[in-house]
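One point on numbering: in our numbering, the residue at position 64 of the sequence shown is 289, and numbering is uninterrupted. The beta carbon of each residue, even a glycine, is placed where N, CA and C say it ideally should be.
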Amino acid sequence: MEELTGDRQVATEQTDSGHLVMLRPVTLVTDVQAFSSVWRPYAQLAPQIERLRQQGAGQCVMESSLPEIRALAMLLAARRADRHAARSPTHFADEADWLCARAFLLGLSHVEITLAQMAMFDEANLRLRRLAAHGLPVATGLLPVLNTSPQLPTAPMVLHGWSPLSVDEGEGVVASAAGSPQARALRQRCQKRFALLLGAWRPRP
């Protein structure tokens, strides 16, 4: 484990120091999962979402601007659904589905989690490896950045991740307003990787 800040630690693999990769930050406001996972009136969540958007201006992107993330989370859940069940589950996609979808589509190599999320993190990594089995461009393993701060929010709506992939010619994977060049490039990445996945899953004649 290598310390990043006072509250964060990152797990690193043994690598050749001559082949170190620069990581770019990805900050995602998980507004879509917030509305999908729990029933709350929009009026209750809207102020929190707007506050997060303003606090991360120039450094974050709204999950609602990347519809491929929700689509992939639902597809991952559907592939293991019990089609003979008497009723649908209360929550179709679980936390690991959402994390796997974000990691794959955003090209993440590291993601910030808490100790309580380790089991979910391991399951998301397992699902990522299953995607890799289809020949898809998946990192060898998503690595955790542990946040051990004692003042963590009970229901955080922000995902902090890091990606070794650049958006365009060395620019960081950072998005602000939906119309910014960085945000458009991030959307294009999700579209491209989602199309690759659908092509890999398409039944062969």
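| Per the contact definition of three or more C-beta pairs closer than 8 Å, is the region 333-340 in contact with the region 286-293? | Touching, no.
| query | Which one of Leu356, Pro375, His385 has the shortest CA to CA distance from Leu516? | reply | Examination of residue 516 is not possible in this model, given that the chain is present from 226 through 430 alone.
| query | Three-state secondary structure (DSSP) at Leu423? | reply | In the structure shown, Leu423 sits in a helix (DSSP, three-state: H, G or I).
| Three-state secondary structure (DSSP) at Ser388? | Assignment of Ser388 by DSSP, reduced to helix, strand and coil, places it in the strand class.
| Of the choices Gly360, Leu277, Ala318, whose alpha-carbon is the least far from that of Leu423? | Selection Gly360, Leu277, Ala318 evaluated against Leu423 yields Gly360 as nearest (Cα-Cα).
| request: Using a threshold of 8 Å, state whether the C-beta atoms of Leu353 and Ala328 are closer than that. | output: yes
| Going by other Cβ atoms of all chains shown within 10 Å of its Cβ, with 16 needed for buried, is Glu293 buried or exposed? | buried
| task | Go ahead and pull the three-state DSSP assignment for Pro250. | result | Looking at Pro250 - three-state DSSP - the assignment turns out to be strand.
| query | Are the CB atoms of Ala349 and Ala321 nearer to each other than 8 Å? | reply | A contact, by the Cβ cut-off of 8 Å.
| said: Give me, in chain order, the residues of the same chain whose beta-carbon lies closer than 7 Å to that of Met299; leave out the 5 immediate sequence neighbours on both sides. | reply: Phe317, Ala318
| Between Ala425, Cys325, Val257, which lies nearest to Phe346 when the distance is taken from Cα to Cα? | The shortest C-alpha separation from Phe346 is found at Cys325.
| query | In chain order, what residues of the same chain have a beta carbon less than 6 Å from the beta carbon of Gly395, not counting five sequence neighbours either side? | reply | Model confidence at Gly395 stands at a pLDDT of 40, short of 50, so the residue's coordinates are unreliable; what they give is reported in the following sentence. Taken in chain order, the list of residues that qualify is empty.
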